[in-house]
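**Q** Under numbering that gives the first Met the number 0, the first residue of the sequence shown is numbered 0, with each subsequent residue one higher.
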Amino acid sequence: MKKIFVIILLISTFGQFTEICAQPPRRRAEQQQKQEQQQNSPRGSSYREFPTAQSMPTDAAWRRDLYRTLDLTKDANAVLYYPTTPQDGRENLFTYLFKLLLRKQIKAYDYKLDGNEDFSAKNEVTAKQLMDRYHIFYESKGDKVRVNDADLPSDEVKAYFIKESTYYDQHTATFRSQVTAICPVLKRGDSDFGGELAQYPMFWVKMQDVAPYLGKLMLMGSSLNNAATMSADDFFTMKCYKGDIYKAVNLQDKLLSNYCLDDSAMIKEQKRIEKQLTDVQEHVYGRDSAYYAQLRADSLAQAEADSIAAAGKAARRSSASRRTSSAPSRRTRSASVSSSSSSTKAPKQKKQRTSSSASKPKGSSGGGLSVRRQRH
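(1) Inspect the CB distances between the stretch 199–208 and the stretch 117–135 and report whether three or more fall short of 8 Å.
(2) Quick one: residues in its chain with C-beta nearer than 7 Å to the C-beta of Asn-76, no 5 flanking neighbours on either side, listed in chain order?
(3) Taking Cβ to Cβ, would you say Tyr-66 is nearer than 8 Å to Tyr-245?
(4) Three-state secondary structure (DSSP) at Pro-24?
(5) Between Asn-249, Met-206, Glu-273, which has its C-alpha nearest Ile-161's C-alpha?
(6) Taking Cβ to Cβ, would you say Ser-153 is nearer than 8 Å to Thr-94?
(7) Measure the alpha-carbon distance for Leu-216 versus Glu-29 and round it to whole angstroms.
(8) My understanding is that Thr-72 touches Lys-157, with C-beta atoms under 8 Å, so please give their C-beta distance in whole angstroms.
(9) With burial defined as no fewer than 16 other Cβ atoms inside 10 Å of the residue's Cβ, what is the status of Asp-305: buried or exposed?
(10) Thinking Asn-122 and Asp-109 are a contact (beta carbons under 8 Å), I'd like their distance in whole angstroms, please.
(11) What are the partner residues of Gln-86, as DSSP defines its beta bridges?
(12) Over the uninterrupted alpha helix (DSSP H) stretch that includes Asp-243, give me the two end residues.
(13) Since Thr-173 sits in a beta bridge, which residues does DSSP pair it with?
(14) In terms of alpha-carbon separation, which member of Leu-196, Lys-267, Leu-250, Thr-171 lies closest to Ser-54?
(15) Please determine, among Phe-174, Ile-135, Phe-136, Ile-3, the residue with the shortest C-alpha to C-alpha distance to His-282.
(16) Give the straight-line distance between the Cα atoms of Pro-211 and Thr-228, rounded to the nearest whole angstrom.
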C-alpha cells in the first residue's frame, strides 16, 4: 500500500514538473512575478477586501453633512498626490481609482452643476466618456480600452471634493464622522504665464463602493519614517486629512461663497460650523461648553485671588521678620540720638532763659532794674 502511494505521489509530481516545463517562458515569468508579489504584499489588517468603518445607520438621530475641499499641496493631504506616476509598486489615489473604473470594478457618477451628488443609474458615466471629455489619450480595440500610466492626468488632479457626514448613533451612543463620497478635481490652465488654474470636478464615486479596494492601496504614513505605511481606507476612516468646508447642507442649498462676502467672513463661517459640531457633541455628552467655559473662568479667577492672597501673606511675614531683626539696632540708635540731642539742646534752653530774663525788664514799667528774690 505504501508503494502504491509513493508511486502516485511521484507521478503527480512528475506531471506538475512537465506542465511547468511545457509552459512558455513568458508565462513562467509572469507566474513567478505573481508569486513574488504575493509574497511581498502586505498581510493582516493592511491586506483586506472589506471596509473597516462602521456603516452609517439610516435611522441616525442626528446628522450633519458637510462638503470639504482637500488641497493636495498641503502636507496632510500630499500622501494622496504622490507619486504622480506609478513607481516601485506605488501609485496615487487618482491612478488607482481610474484603473478600477477602467476595469469596471466601481461605478462613477457625473458631477452636476449644482455640486450635489446623484448616485442614480441615469447619472452614471463610463471611463471612455470621461477620457473623451477631458482629452485623455487611450487605445480602444473592440470593447477593451487601454491607457498608459503616463497618459493619465494624475499630476493635474490637485484637489478632491469629499462629502463628510457627522452623525450620532443612538444604538451605540457614539458620535462618528464618515466620508460618503469622493470627487477628484482636475486643475488646468496657463499657470506658467501668470494665469489661474481652472478646476474641473470630474466624477463622484461612492465611498461604500471603493472602500473594499482602498484597503489595498498602501500610502506612506510619515515623512520621518518612510517604512511606516497605512491604507487609504484607514486614511479616510481615521480622518487624517485636512479640508476646508465649502458647503454645509442647508434648506436654501447655498454655498459658503454665496453669503460670505470676503475671505475673512469665509474663515469665520468655517470656524463657526466646526464649533457647532463640537458643541453638539459636548452638549449630548453632558459637557456644556458655555457652562464649562464659565467654570474655567471662575476657577482661574479664584486661583489668581489665592495667589495674590498668598503673596500678601508672604510679604507681611517677611516685613514682620525684618522688624524683629532690626528692633535692637533701632533702640540703640534712638538712645544715642536722644543723648546727643539732649546735650545739644541744653545750651539752647539756657540761652532762651537768659534771653527771656533779659527781655522781661524791657517789658516792665520799673525801668532797667531787676529784682532778685532769695529763698530762706
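Quick reminder that beta carbons are idealized off the backbone N, C-alpha and C, glycines included.
On a predicted model such as this, the values are computed, not experimentally measured, just so you know.
**A** Looking at the coordinates:
(1) Touching, yes, given that three or more Cβ pairs across the two stretches are closer than 8 Å.
(2) The residues are Leu-69, Asp-70, Tyr-240, Lys-241.
(3) When the beta-carbon positions are compared, Tyr-66 and Tyr-245 come within less than 8 Å of each other.
(4) Three-state result, Pro-24: helix.
(5) Between Ile-161 and the set Asn-249, Met-206, Glu-273, the nearest pair of CA atoms involves Met-206.
(6) Yes, Cβ-Cβ distance for Ser-153 and Thr-94 is below 8 Å.
(7) Taking the straight line joining both Cα atoms gives about 22 Å.
(8) Going by Cβ atoms, the distance from Thr-72 to Lys-157 rounds to 6 Å, so yes, they are a contact pair.
(9) Classification of Asp-305: exposed, given that the 10 Å Cβ count is below 16.
(10) Contact between Asn-122 and Asp-109 holds: their C-beta atoms lie close to 5 Å from each other, under 8 Å.
(11) Gln-86 pairs with Arg-89.
(12) Bounds of any alpha helix (DSSP H) do not take in Asp-243; it lies within the beta strand (DSSP E) bounded by 243–247.
(13) Answer by DSSP bridge pairing, in chain order: Asp-168.
(14) The residue with the shortest Cα to Cα distance from Ser-54 is Thr-171.
(15) Selected option, being the one with the closest Cα: Phe-174.
(16) Straight through space, the alpha carbons of Thr-228 and Pro-211 are spaced by roughly 17 Å.
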